[in-house]
Amino acid sequence: MSTATTALHGFSEELRELVARTVTGVVAVKSAAYRTVSGVSIRENLVAVTDATLRREERIPVHAADGSQGTGTLLGRDSRIQVAFLRVEGLSLKPLPAQDPVSLAPGMLAAVVGLTTDAGPSASLGILGAVGAARRTWRGGHLDHFIRLDVNVYPSQAGAAVVDCDARLIGIATPGLLQYSAVAIPAVTLNRMADELLAQGRIRQGYLGIGLQRVILPESWHEKIGSHQNSGLIILSVETNSAAETAGLQIGDILISFDGRPLPDVDDLQNVLRGENIGRPVTVGLIRGGETLQLPITVGERAGRSQ
Numbered sequence: 001m002s003t004a005t006t007a008l009h010g011f012s013e014e015l016r017e018l019v020a021r022t023v024t025g026v027v028a029v030k031s032a033a034y035r036t037v038s039g040v041s042i043r044e045n046l047v048a049v050t051d052a053t054l055r056r057e058e059r060i061p062v063h064a065a066d067g068s069q070g071t072g073t074l075l076g077r078d079s080r081i082q083v084a085f086l087r088v089e090g091l092s093l094k095p096l097p098a099q100d101p102v103s104l105a106p107g108m109l110a111a112v113v114g115l116t117t118d119a120g121p122s123a124s125l126g127i128l129g130a131v132g133a134a135r136r137t138w139r140g141g142h143l144d145h146f147i148r149l150d151v152n153v154y155p156s157q158a159g160a161a162v163v164d165c166d167a168r169l170i171g172i173a174t175p176g177l178l179q180y181s182a183v184a185i186p187a188v189t190l191n192r193m194a195d196e197l198l199a200q201g202r203i204r205q206g207y208l209g210i211g212l213q214r215v216i217l218p219e220s221w222h223e224k225i226g227s228h229q230n231s232g233l234i235i236l237s238v239e240t241n242s243a244a245e246t247a248g249l250q251i252g253d254i255l256i257s258f259d260g261r262p263l264p265d266v267d268d269l270q271n272v273l274r275g276e277n278i279g280r281p282v283t284v285g286l287i288r289g290g291e292t293l294q295l296p297i298t299v300g301e302r303a304g305r306s307q
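Residue numbering for the sequence shown follows my numbering, starting at 1 and increasing by one per position.
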């Protein structure tokens with residue numbers, strides 16, 4: 001046997017072992033009467049799945065790789081990043097250790113490991129096509145890192161584990177956040193949301209109750225606002241009994257800062273309206289009638305079970 005063949009056999013065996021190690025933390029979820037997708041154990045009895053595929057909230061059949069079957073109940077979901085969390089009873093699941101996001105880089109090998117009810121584990125191999133900073137999804141959700149996958153993700157692998165060569169969890173695969181490629185919802189994002197869900201009982205999103213649009217600020221205002229910020233957010237509507245109305249915000253006000261952070265775009269406001277700021281008094285900087293103002297406001301919470 002040639003050296004090259006021996007090396008390939010060794011590589012193949014390592015991949016087989018990688019899939020076997022990973023699938024202990026992966027489940028098959030009967031998300032709808034006609035569809036089975038994958039999920040990943042994030043905590044003991046807590047599984048992350050892709051929200052877009054989930055059509056049930058209770059008595060969701062969940063299968064483990066050893067053939068055992070449990071039942072899942074929806075605890076919370078965030079359609080902005082297409083993730084949901086299930087409390088699973090009747091299974092003993094081993095959460096996968098998370099990869100340190102600092103070590104992620106384009107070109108790293110990545111395996112996508114899912115589970116089906118009829119054919120068992122499924123696997124795809126590729127690389128991380130791109131790794132970037134925090135990203136706002138087109139629905140307004142917050143990803144702590146942007147991870148584009150250069151991997152073929154099959155329908156049953158929606159929600160599958162994306163792991164490195166040591167079976168450490170990079171994230172879960174989802175084909176729905178980008179039109180042209182699959183991405184991984186980062187493990188750090190999943191863990192942050194899981195901590196909030198377990199502590200608060202739901203996934204929370206801050207809310208001010210205003211409609212906004214980005215506007216360009218004249219250069220002549222730079223000295224007035226004390227910065228070279230080129231844009232702000234003009235208020236187009238204020239909801240009755242909202243946090244914004246209580247604080248005295250008005251239609252036509254231009255928001256320029258939130259708790260000292262510049263607000264050049266709507267995404268910047270969404271970034272600071274995360275759950276940890278709900279109920280916290282902050283100061284918003286704004287321009288009204290050509291003059292700068294600082295107003296105190298207490299961040300409200302967006303209503304609804306499924307944020």
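No residue lacks a Cβ here, since even glycine has one placed at the ideal position from N, Cα and C.
Beta-ladder partner(s) of residue i, from DSSP
i: Arg-35; result: Ala-32
i: Tyr-154; result: Tyr-154 pairs with nothing; no bridge assigned.
i: Tyr-207; result: Gly-300
i: Arg-214; result: Leu-233
i: Ala-182; result: Leu-149
i: Pro-101; result: Its beta-bridge partners do not exist; DSSP assigns none.
i: Ser-257; result: Pro-262, Gly-285
Whether residue i touches residue j by CB criterion (8 Å)
i: Thr-50; j: Gly-129; result: no
i: Val-215; j: Gly-232; result: yes
i: Leu-314; j: Arg-80; result: Any question about residue 314 goes unanswered here, given that the chain covers just 1 to 307.
i: Ala-133; j: Val-83; result: no
i: Leu-93; j: Val-27; result: yes
i: Val-205; j: Arg-302; result: The amino acid occupying residue 205 in the given sequence is Gln; Val does not appear at that position. Contact: yes.
i: Val-29; j: Ile-60; result: yes
i: Leu-125; j: Leu-15; result: yes
i: Val-188; j: Ala-98; result: yes
i: Ile-185; j: Ile-172; result: yes
i: Leu-286; j: Ile-256; result: yes
Identity of the residue in the options nearest residue i by Cα
i: Val-272; options: Asp-144, Val-215, Gly-290, Ala-32; result: Asp-144
i: Ala-156; options: Ala-123, Ala-247, Cys-165; result: According to the sequence displayed, residue 156 carries Ser and not Ala. The shortest C-alpha separation from Ser-156 is found at Ala-123.
i: Ile-234; options: Trp-221, Gly-211, Ser-220, Ala-243; result: Gly-211
i: Leu-169; options: Thr-3, Gly-25, Ser-2; result: Gly-25
i: Gly-90; options: Leu-96, Ala-105, Met-108, Asp-66; result: Asp-66
i: Arg-56; options: Asp-118, Phe-85, Ile-42; result: Phe-85
i: Arg-261; options: Val-282, Lys-224, Ser-242; result: Val-282
i: Leu-104; options: Ala-160, Asp-166, His-142, Ala-52; result: Asp-166
i: Met-193; options: Ala-7, Gly-289, Gly-141; result: Gly-141
i: Gln-229; options: Pro-218, Ile-297, Leu-269; result: Pro-218
Reduced DSSP secondary structure (H/G/I, E/B, other) of residue i
i: Arg-305; result: Unreliable positioning characterises Arg-305 in this predicted model, as indicated by a pLDDT of 40, which lies under 50. The coordinate reading is nonetheless provided below. Arg-305 falls in the coil class under three-state DSSP.
i: Ser-83; result: Note that residue 83 corresponds to Val in the displayed sequence, not to Ser. Strand at Val-83.
i: Asp-78; result: strand
i: Arg-55; result: coil
i: Pro-281; result: strand
i: Gly-232; result: strand
i: Gly-70; result: strand
i: Thr-137; result: coil
i: Glu-44; result: coil
i: Ala-119; result: coil
i: Ala-130; result: strand
i: Gln-294; result: strand
i: Leu-269; result: helix
i: Gly-25; result: helix
i: Ala-20; result: helix
i: Ile-225; result: helix
i: Ser-124; result: strand
i: Ala-243; result: helix
Rounded distance between the beta-carbons of residue j and residue i, thought under 8 Å
i: Val-62; j: Gly-76; result: Contact doesn't hold; Cβ gap of about 16 Å is too wide.
i: Val-162; j: Leu-149; result: 7 Å
i: Asp-267; j: Arg-136; result: 4 Å
i: Tyr-207; j: Gly-300; result: 5 Å
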